[in-house]
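Under my numbering, think of the first position of the sequence shown as 5, with each following residue one higher.
To keep things clear, I will list the structure first and then write my remarks on it.
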Amino acid sequence: MAWRLRQSPALTRLWVANGNGGTASIAENLDVVPEDLDGIEEVSKNLDVDLVVVGPETPLADGLVDQLSSSGILAFGPGAAAAQIEASKSFALELMRDAGVPCPEFRTFHEEYDALEFLRRHGGPVVVKANGLAAGKGVAICPGPEDAADAVRACMTGRIFGESGETVVVEELLSGPEVSVFAFCDGLHLSPLVAACDYKRIGDNDEGPNTGGMGAFAPPDFWTGSMYQDINQSIMQPVVRAMADRGTPFKGVLYAGIMLTLDGPKVLEFNCRLGDPEAQVVLPQLLADPLELMVACIEGRLDSVSVEWSDRPHVGVVMVSGGYPGDYRTGLEISGLFDERADSLVFHAGTRLGEHGEESKAVTSGGRVLTVVGSGDSLAEARSAAYHGVRTISFDGAYYRTDIAAVEGRVLT
Numbered sequence: 005m006a007w008r009l010r011q012s013p014a015l016t017r018l019w020v021a022n023g024n025g026g027t028a029s030i031a032e033n034l035d036v037v038p039e040d041l042d043g044i045e046e047v048s049k050n051l052d053v054d055l056v057v058v059g060p061e062t063p064l065a066d067g068l069v070d071q072l073s074s075s076g077i078l079a080f081g082p083g084a085a086a087a088q089i090e091a092s093k094s095f096a097l098e099l100m101r102d103a104g105v106p107c108p109e110f111r112t113f114h115e116e117y118d119a120l121e122f123l124r125r126h127g128g129p130v131v132v133k134a135n136g137l138a139a140g141k142g143v144a145i146c147p148g149p150e151d152a153a154d155a156v157r158a159c160m161t162g163r164i165f166g167e168s169g170e171t172v173v174v175e176e177l178l179s180g181p182e183v184s185v186f187a188f189c190d191g192l193h194l195s196p197l198v199a200a201c202d203y204k205r206i207g208d209n210d211e212g213p214n215t216g217g218m219g220a221f222a223p224p225d226f227w228t229g230s231m232y233q234d235i236n237q238s239i240m241q242p243v244v245r246a247m248a249d250r251g252t253p254f255k256g257v258l259y260a261g262i263m264l265t266l267d268g269p270k271v272l273e274f275n276c277r278l279g280d281p282e283a284q285v286v287l288p289q290l291l292a293d294p295l296e297l298m299v300a301c302i303e304g305r306l307d308s309v310s311v312e313w314s315d316r317p318h319v320g321v322v323m324v325s326g327g328y329p330g331d332y333r334t335g336l337e338i339s340g341l342f343d344e345r346a347d348s349l350v351f352h353a354g355t356r357l358g359e360h361g362e363e364s365k366a367v368t369s370g371g372r373v374l375t376v377v378g379s380g381d382s383l384a385e386a387r388s389a390a391y392h393g394v395r396t397i398s399f400d401g402a403y404y405r406t407d408i409a410a411v412e413g414r415v416l417t
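Here it is in structure tokens:
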């Protein structure tokens with residue numbers, strides 16, 4: 005997001021809260037975390053900022069946009085009431101049910117005993133989800149009742165996702181290719197949609213545990229005009245209208261994770277922000293001025309702004325620390341970070357500059373370290389550019405999937 009905002013002709017200065025080694029080269033990093041609402045408000049006032057762009061889901065759900073807006077500070081993103089569409093799985097499912105939006109059959113449970121009794125009677129494959137935010141990891145696909153029971157116990161007794169697992173949602177298991185769909189929204193109007201596909205599991209062929217995301221590509225070859233219209237009319241527009249009718253209009257980026265079933269598109273989840281790593285392949289496609297677009301969303305005049313997306317293919321490959329999503333080491337020097345070329349970009353995530361500041365090399369500071377994005381005239385060219393970039397970069401224990409965008413137009417599920 006910082007990289008794309010940097011390109012706006014209207015931008016004069018750019019700060020990043022709790023930035024990393026990459027943002028240090030294009031902005032000024034601030035020693036305040038996004039979850040510190042009072043700290044963000046204070047530094048925004050001290051710096052006399054014109055706009056705060058809230059990226060992560062937790063401060064959105066905690067009401068950062070509401071707090072800033074009440075202090076007269078322009079902020080991009082949904083308020084806490086609208087951010088429930090991601091922060092509460094049960095809220096989103098009930099909203100969809102009331103709005104007639106296609107989604108899985110579901111049950112919500114507040115007591116472990118009730119959930120286990122339902123699973124014993126149900127018997128079939130299901131999906132178990134922690135109701136709250138879980139950094140993209142709170143979903144378990146369970147082929148049988150014992151797997152589902154284990155997932156429920158891990159959430160509700162083991163508390164592996166903390167308070168987010170106090171309530172669990174059990175959904176019917178859908179099948180089909182997945183697609184992530186994004187649109188800017190001003191509470192009433194939607195921008196044209198853009199689509200991407202992501203990979204959540206740690207291993208090739210979609211094996212191993214879920215992660216925050218191991219790669220993505222855009223656009224999918226199956227993203228046709230008829231699919232666009234179907235998803236816009238049956239999912240995106242009805243949800244935006246329902247949110248407005250409830251008195252909680254959604255302003256920001258609305259993200260729908262959709263499964264293309266034999267019965268048509270059905271929503272797996274909503275996010276109240278740009279997804280990660282999808283953002284790294286979607287934002288390079290944005291042809292509009294991001295600052296103009298965000299301010300129009302805040303002011304409710306998105307319909308007066310021209311929003312276009314490039315159809316040039318982009319592929320992003322995430323490089324992670326060895327051991328992720330479990331235990332991993334940090335502070336490892338990163339070698340081979342190359343200068344950006346016409347066909348590739350490197351986006352930092354879990355990195356920081358060494359003790360010598362901007363004169364030192366970047367070192368790892370998290371599990372998901374970098375995303376290398378390639379572009380090209382075809383998906384194959386974009387994929388080749390991304391993996392060429394990946395092979396130039398190294399750090400001790402570096403790991404990445406080798407099958408991102410290997411099969412054009414579909415994601416393994």
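Ideal placement from N, C-alpha and C gives every residue a C-beta, glycine not left out.
Computed from a predicted model, the values in this text were never measured in an experiment.
Item to complete: Let me know if Leu-357 comes out buried or exposed under the rule of 16 or more other beta-carbons within 10 Å of its beta-carbon.
Response: As a working mapping, residue 357 is identified with position 353 in the sequence shown. Looking at its Cβ environment, which holds 16 or more other Cβ atoms inside 10 Å, Leu-357 is buried.
Fill in: Asp-208 versus Val-324, Ala-87 and Tyr-404, residue with shortest Cα-Cα distance
As a first step, residue 208 must be located in the sequence shown, where it is residue number 204. Taking each of Val-324, Ala-87 and Tyr-404 in turn and checking the Cα distance to Asp-208, the smallest one comes out for Tyr-404.
Worksheet item: If you run the structure through DSSP and keep just helix, strand and coil, what is Met-263?
Response: Position 259 of the sequence shown, counting from 1, holds the residue named residue 263. Three-state result, Met-263: strand.
Item to complete: Sort out for me which residues DSSP pairs Met-323 with in a bridge.
Response: Within the sequence shown, the letter at position 319 stands for residue 323. Paired residue(s): Leu-374.
Worksheet entry | Alpha-carbon to alpha-carbon, Ser-74 and Arg-258 | Taking the sequence shown and counting its residues from 1, one reaches residue 258 at position 254. Taking the sequence shown and counting its residues from 1, one reaches residue 74 at position 70. Per the sequence presented here, residue 258 reads as Leu, with Arg not at that position. Looking at the two C-alpha atoms, the distance is approximately 23 Å.
Discussion item. Along the chain, where does the alpha helix (DSSP H) containing Ile-239 start, and where does it finish?
Written reply: Here residue 239 refers to the residue found at position 235 when the sequence shown is read from its first residue. From DSSP, Ile-239 is part of no alpha helix (DSSP H); its letter is neither H nor E.
Worksheet entry | When Glu-176, Gly-142, Gly-180 and Glu-175 are compared against Gly-162, the one with the closest alpha-carbon | Along the sequence shown, one-based indexing puts residue 162 at 158. Residue Gly-142 is the option with its Cα nearest to Gly-162.
Practice prompt. Return the first residue and the last residue of the beta strand (DSSP E) that Tyr-203 is part of.
Written response: On the sequence shown, residue 203 is found 199 positions in, with the first residue counted as 1. Start and end: 198 to 207.
Worksheet item: Thinking C-alpha only, which one of Leu-41, Ser-48 and Met-263 is nearest Trp-19?
Response: Position 15 of the sequence shown, counted from the first residue, corresponds to residue 19. Nearest Cα to Trp-19 within the set Leu-41, Ser-48 and Met-263: Ser-48.
Fill in: Close Cβ partners of Gln-71 (< 7 Å) along its chain, the five nearest in sequence each way excluded
By 1-based counting over the sequence shown, the position of residue 71 is 67. Closer than 7 Å at Cβ, skipping near neighbours: Leu-41 and Glu-45.
Worksheet item: Quick one: is Gly-83 buried, meaning 16 or more other Cβ sit within 10 Å of its Cβ, or exposed?
Response: Counting from one through the sequence shown, the residue named residue 83 turns up at place 79. Buried, since its Cβ has 16 or more Cβ neighbours within 10 Å.
Fill in: Where the alpha helix (DSSP H) containing Cys-301 begins and where it ends
Locating residue 301 in the sequence shown gives position 297, counting from the first residue. Residues 294 to 303.
Discussion item. Alpha carbons only, please: which of Val-174, Asp-66 and Leu-290 is nearest the one belonging to Ser-94?
Written reply: Taking the sequence shown and counting its residues from 1, one reaches residue 94 at position 90. For the residues Val-174, Asp-66 and Leu-290, the minimum Cα distance to Ser-94 belongs to Val-174.
Practice prompt. List the endpoints of the continuous beta strand (DSSP E) containing Pro-269.
Written response: For the purposes of this step, residue 269 is identified with residue 265 of the sequence shown, where counting begins at 1. Segment 268 to 275, the beta strand (DSSP E) holding Pro-269.
Worksheet item: Along the chain, where does the alpha helix (DSSP H) that runs through Pro-149 open and close?
Response: Sequence index remark: in the sequence shown, residue 149 carries index 145 (1-based). Segment 149 to 160, the alpha helix (DSSP H) holding Pro-149.
Worksheet item: Mind checking Val-415: buried by the 16 CB within 10 Å criterion, or exposed?
Response: Position 411 of the sequence shown, counted from the start, is the residue given in the question as residue 415. The predicted model places Val-415 with a pLDDT of 42, which falls under 50 and marks its position as unreliable, so this point remains unresolved.
Worksheet item: Of the choices Met-231, His-114 and Ser-168, whose alpha-carbon is the least far from that of Glu-182?
Response: Position 178 of the sequence shown, counting from 1, holds the residue named residue 182. Closest by alpha carbon: Met-231.
Worksheet item: Per DSSP, which one or two residues make a beta bridge with Lys-255?
Response: Locating residue 255 in the sequence shown gives position 251, where the first residue counts as 1. Note: Lys-255 sits in a beta bridge opposite Asp-190.
Discussion item. Taking its Cβ as the centre, do 16 or more other Cβ atoms sit within 10 Å of Glu-282, making it buried, or is it exposed?
Written reply: Position 278 of the sequence shown, counted from the first residue, corresponds to residue 282. With 16 or more Cβ atoms within 10 Å of its Cβ, Glu-282 is classed as buried.
Practice prompt. Express the C-alpha separation of Glu-121 and Glu-150 in angstroms, rounding to a whole number.
Written response: As a working note, residue 150 is residue 146 in the sequence shown. As a working note, residue 121 is residue 117 in the sequence shown. Rounded to whole angstroms, Glu-150 to Glu-121 spans 12 Å at the Cα level.
Worksheet item: Can you tell me the Cα-Cα spacing of Asp-315 and Arg-125, whole angstroms?
Response: Within the sequence shown, the letter at position 311 stands for residue 315. Within the sequence shown, the letter at position 121 stands for residue 125. The alpha-carbon atoms of Asp-315 and Arg-125 are separated by roughly 47 Å.
Item to complete: In the DSSP assignment, find the alpha helix (DSSP H) that holds Thr-62 and state where it starts and stops.
Response: For the purposes of this step, residue 62 is taken as the residue at position 58 of the sequence shown. That run of the alpha helix (DSSP H) goes 61 to 65.
Fill in: Nearest residue (CA-CA) to Ala-389, options Arg-372, Thr-368, Leu-349 and Gly-370
Position 385 of the sequence shown, counting from 1, holds the residue named residue 389. For Ala-389, the nearest C-alpha among the options comes from Leu-349.
Worksheet item: Under 7 Å, do Arg-387 and Val-324 count as touching if we go by C-beta distance?
Response: Position 383 of the sequence shown, counted from the start, is the residue given in the question as residue 387. Position 320 of the sequence shown, counted from the start, is the residue given in the question as residue 324. 7 Å or more divides the Cβ of Arg-387 from the Cβ of Val-324.
Worksheet item: Is DSSP giving Leu-18 helix, strand or coil here?
Response: Numbered from its first residue, the sequence shown carries residue 18 at position 14. Coil.
Worksheet item: Per DSSP, Asn-430 is paired with what?
Response: The structure shown has nothing for residue 430, since the chain only spans 5 to 417.
Worksheet item: Is it buried or exposed for Gly-217, if we count other Cβ within 10 angstroms and need 16 for buried?
Response: Locating residue 217 in the sequence shown gives position 213, where the first residue counts as 1. It counts as buried.
Worksheet item: Taking C-alpha atoms, which residue in Arg-333, Val-105, Gly-326 and Leu-78 lies nearest to Glu-296?
Response: Here residue 296 refers to the residue found at position 292 when the sequence shown is read from its first residue. Of the candidates Arg-333, Val-105, Gly-326 and Leu-78, the one whose C-alpha sits nearest the C-alpha of Glu-296 is Leu-78.
Discussion item. I'd like the ranges of any alpha helix (DSSP H) spanning at least 4 consecutive residues and lying wholly in the segment 82 to 133.
Written reply: Counting whole runs of 4 or more residues, the segment 82 to 133 contains the alpha helix (DSSP H) stretches 84 to 91, 93 to 103 and 116 to 126.
Discussion item. Output needed for Ala-139: all residues of its chain with C-beta closer than 8 Å, excluding positions within five of it in sequence on either side, in chain order.
Written reply: Within the sequence shown, residue 139 is the residue found at index 135, counting from 1. Around Ala-139: Gly-216.
Worksheet item: Does the separation of the CB atoms of Val-198 and Ile-262 fall below 7 Å?
Response: Here residue 198 refers to the residue found at position 194 of the sequence shown. Here residue 262 refers to the residue found at position 258 of the sequence shown. No, the pair does not count as a contact, with Cβ atoms beyond the cut-off.
Worksheet item: His-318 and Pro-288: beta carbons closer than 7 Å?
Response: On the sequence shown, position 314 is the one that residue 318 refers to. On the sequence shown, position 284 is the one that residue 288 refers to. Yes, these two residues count as a Cβ contact at 7 Å.
Worksheet item: Taking the continuous beta strand (DSSP E) assigned at Val-367, which residues delimit it?
Response: Within the sequence shown, residue 367 is the residue found at index 363, counting from 1. Val-367 -> beta strand (DSSP E) spans 366 to 368.
Worksheet entry | Backbone CA spacing between Ala-300 and Val-36 [nearest angstrom] | Residue numbering aside, residue 300 sits at position 296 when the sequence shown is read from its first letter. Residue numbering aside, residue 36 sits at position 32 when the sequence shown is read from its first letter. One C-alpha to the other measures close to 27 Å.
Discussion item. Let's see if you can read the secondary structure: which residues bound the beta strand (DSSP E) around Leu-137?
Written reply: By one-based count along the sequence shown, residue 137 stands at place 133. First-last for Leu-137: undefined, no H or E at that position.
Worksheet item: beta strand (DSSP E) containing Glu-336: first to last residue?
Response: If you number the sequence shown from 1, residue 336 lands on position 332. Note that residue 336 is Leu in the sequence shown, not Glu. Where Leu-336 is concerned, there is no enclosing beta strand (DSSP E), given that its DSSP letter is neither H nor E.
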